[in-house]
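Chains as they are written, first to last, in our numbering: chain A, 1 to 148; chain B, 1 to 432.
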């Protein structure tokens, strides 16, 4: 089993602690989408369906709903926060987000309000070894991701 | 996190349960990022709360019904239509009525009805070094870089800052995070970097390469840029990347602190014509003499000078009957334009001066077209002088795009087809 260490995990919703504390989240297992570049929640995704529509993305026609969505960093409009929390409200959001870079405050706000765990600064090897469709688990109380 | 006595009182509910909850969010947000304290903010630019996103107008309505008001000057971002004349953009009536809930909620909360992405153009110019909380990526980068005010890339938590007057001391609020982390040496002659579309292109390239870093930019042949040029430049950088702060030698107020660092850095990215042309080609999906149906200026929102320029160019002329032409701006500038007679001149020429919104935030998005049985794409082509507008419109509005100078946009609108034959010599010295 491979495992990849992240630097930080943020989790929570509506007033719960958003910093990792003992036993806050159960293990999260899901099929992952690997987007090996930066990603904008405005313009790169259908805000209604959660379908990736960035024309030059290798993830074209993929759906982020109920997946573990991994990308290098977020970019673009500050509406990204609104779109992410809006997707989560309609049960079209990802199970969790993993990023290579330090978290973008804007997107973290959307993840918190949407109750989407956010693992940042993941081991760069994650993007070398993992491919879209592989199943990964974010381990409880630990900021690391394993390949099942 | 160390809290002041007053912050503790707020957290315990002495200023009401809504403020207590809002502060709790901010405290936990700060703790998650290792912030040691909260700092007072002097200004907020509040999220748009647009009708094109399900439930947001109802949320802000519910928030306002708690009778809680903002505690710092708070401006508001763009909405989905011109709120004084929604038919100007053919916004569906029901969508306008939903959006109206936001306007009324903002009135209740004391949020100023500016509905713009460029509050800095209408007098909201926070002092250097001041802490603020802002949404809108183009305004954020301008506040940080050109004004030296301090904000992170704000989102929905800006709501909480506006009613508590607080934000965690973290990210770009701290000196140590304002140091440049990548360096650009730009070899373009001043005449190649005078128009809005040229600045927009350079910003897009730097944003793509810098991503979430802090770029330091040196231009070997720099002519002092205008505010409009810097707004376009920053907006593009925050589109192709998530740049929140940049330094430009001779232009931005904090650049001097890092001059030495730039000189002693070997790892500089060199940019010239080649990179500029490459980006322009990537957005070129409409070619010479092909018909066009939509032209947009004012991304980010246009100032009075750009409106004056277009109205003067259109004196006694009309755009082609098959073309829709919007100049997007804020309401205050629209009022000024009307006062100066520009709005009337533009109207006679067939150009609409649209306030409070822009195409990307309007009913032209696919999900809204589907919901209201509107054709999609609403327009098939888009010409603009802004790469930010074209970048988002490609996917969200489904249009074919081309980046042109302001004067080429005007010329093409009159002919109903893409024309780039506008006198290049004249354009060389155009600032639009």
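The beta-carbon is built from N, C-alpha and C at its ideal position, and this holds for glycine as well.
Going along chain B in order, which residues have a C-beta closer than 8 Å to the C-beta of residue i?
i	result
residue 53 of chain A	395
Can you name the residues of chain B whose CB is closer than 7 Å to the CB of residue i?
i	result
residue 101 of chain A	212
residue 48 of chain A	367
residue 35 of chain A	Per Cβ cutoff of 7 Å: no residues; residue 35 of chain A is ~14 Å from chain B at best.
residue 10 of chain A	32
So residue i is in the beta strand (DSSP E); what residue range does that whole segment cover?
i	result
residue 106 of chain B	From DSSP, residue 106 of chain B is part of no beta strand (DSSP E) but of the alpha helix (DSSP H) over 93-109.
residue 402 of chain B	400-403
residue 39 of chain B	38-40
residue 394 of chain B	Careful: residue 394 of chain B lies outside any beta strand (DSSP E), inside the alpha helix (DSSP H) at 387-396.
residue 123 of chain A	Counting along the chain, residue 123 of chain A falls outside any beta strand (DSSP E), and DSSP gives it neither H nor E.
residue 382 of chain B	381-384
residue 3 of chain A	3-5
residue 362 of chain B	Element bounds for residue 362 of chain B: n/a, residue is neither H nor E.
residue 138 of chain A	135-138
residue 322 of chain B	It is not in any beta strand (DSSP E) - residue 322 of chain B carries neither H nor E in the DSSP assignment.
residue 46 of chain B	44-46
Cβ closer than 7 Å: which chain A residues qualify as neighbours of residue i?
i	result
residue 399 of chain B	The contacting residues do not exist; residue 399 of chain B stays about 12 Å from chain A at best.
residue 239 of chain B	76
residue 191 of chain B	Going along chain A, no residue has its Cβ under 7 Å from residue 191 of chain B, so there is no contact; the nearest lies around 30 Å.
residue 152 of chain B	105
residue 135 of chain B	78
residue 141 of chain B	Simply none; closest approach about 10 Å.
Give me the Cα-Cα distance between residue i and residue j, rounded to the nearest whole angstrom.
i	j	result
residue 62 of chain B	residue 109 of chain B	11 Å
residue 201 of chain B	residue 1 of chain B	42 Å
residue 81 of chain B	residue 367 of chain B	16 Å
residue 23 of chain A	residue 106 of chain B	Model confidence at residue 23 of chain A stands at a pLDDT of 47, short of 50, so the residue's coordinates are unreliable and nothing is read from them.
residue 20 of chain B	residue 331 of chain B	34 Å
residue 317 of chain B	residue 323 of chain B	14 Å
residue 96 of chain A	residue 430 of chain B	48 Å
residue 21 of chain A	residue 139 of chain B	Bear in mind that the predicted position of residue 21 of chain A carries a pLDDT of just 48, short of 50, making it too unreliable to give a figure here.
residue 154 of chain B	residue 78 of chain A	7 Å
residue 14 of chain A	residue 279 of chain B	Here residue 14 of chain A scores only 45 on pLDDT, less than 50, and its place in the model should not be relied on; the value that follows carries that caveat. Straight-line Cα distance between these residues: approximately 42 Å.
residue 1 of chain A	residue 146 of chain A	7 Å
residue 26 of chain B	residue 294 of chain B	43 Å
residue 320 of chain B	residue 415 of chain B	6 Å
residue 111 of chain B	residue 327 of chain B	25 Å
residue 247 of chain B	residue 259 of chain B	10 Å
residue 265 of chain B	residue 38 of chain A	26 Å
residue 180 of chain B	residue 216 of chain B	6 Å
residue 137 of chain B	residue 383 of chain B	22 Å
residue 364 of chain B	residue 176 of chain B	42 Å
residue 159 of chain B	residue 11 of chain A	20 Å
residue 30 of chain A	residue 239 of chain B	30 Å
residue 44 of chain B	residue 82 of chain A	17 Å
residue 325 of chain B	residue 70 of chain B	37 Å
residue 305 of chain B	residue 100 of chain A	43 Å
residue 407 of chain B	residue 394 of chain B	22 Å
residue 6 of chain B	residue 126 of chain B	24 Å
residue 276 of chain B	residue 297 of chain B	20 Å
residue 346 of chain B	residue 47 of chain B	31 Å
Which chain A residues sit within Cβ distance under 9 Å of residue i?
i	result
residue 391 of chain B	40, 43 and 76
residue 111 of chain B	The contacting residues do not exist; residue 111 of chain B stays about 16 Å from chain A at best.
What first and last residue would you give for the alpha helix (DSSP H) that runs through residue i?
i	result
residue 27 of chain B	17-32
residue 5 of chain B	5-11
residue 348 of chain B	342-349
residue 159 of chain B	158-164
residue 102 of chain A	Where residue 102 of chain A is concerned, there is no enclosing alpha helix (DSSP H), given that its DSSP letter is neither H nor E.
residue 60 of chain B	56-64
residue 406 of chain B	406-415
Taking residue i as the query, report the chain B residues whose CB atoms sit under 9 Å from its CB, ordered along the chain.
i	result
residue 73 of chain A	211, 212, 241 and 242
Closer than 7 Å, CB to CB, is residue i near chain D or not?
i	result
residue 383 of chain B	The question asks about chain D, but that chain is absent: this structure's protein chains are A and B.
Where the segment 155-175 of chain B meets chain A: residues whose CB sits under 7 Å from a CB there: 155, 156, 157 and 171
Cβ-based contacts, 9 Å cut-off: residues of the segment 101-121 of chain A near chain B: Those residues of the segment 101-121 of chain A placed with their C-beta closer than 9 Å to a C-beta in chain B are 101, 102, 103, 104, 105, 106, 107, 108, 109, 110, 112 and 113, ordered along the chain.
Interface positions of the segment 260-283 of chain B facing chain A (Cβ-Cβ less than 8 Å), listed along the chain: none
Segments of 3+ residues assigned as beta strand (DSSP E) that fall wholly inside the segment 280-319 of chain B: 294-302
Cβ-based contacts, 9 Å cut-off: residues of the segment 30-60 of chain B near chain A: 31, 32, 33, 47, 48, 49, 50, 52, 53, 54, 55 and 56
Short-range partners of chain A found in the segment 223-247 of chain B, where Cβ spacing is below 8 Å: Answer set for the segment 223-247 of chain B: 238, 239, 240, 241 and 242.
Those runs of the beta strand (DSSP E) which lie wholly inside the segment 191-273 of chain B and span at least 3 residues: List check, beta strand (DSSP E) in window: 215-219 and 268-271.
Members of the segment 80-101 of chain A that neighbour chain B once the beta carbon cut-off is set at 8 Å: 80, 81, 82, 83, 85, 86, 89, 90 and 101
Minimum length 4: unbroken alpha helix (DSSP H) runs contained in the segment 111-145 of chain B: For secondary structure counted as the alpha helix (DSSP H) over 4 or more consecutive residues, the segment 111-145 of chain B holds these complete runs in sequence order: 137-142.
Unbroken stretches of the alpha helix (DSSP H), 4 residues or longer, contained in the segment 32-94 of chain A: 80-89, all fully within the segment 32-94 of chain A.
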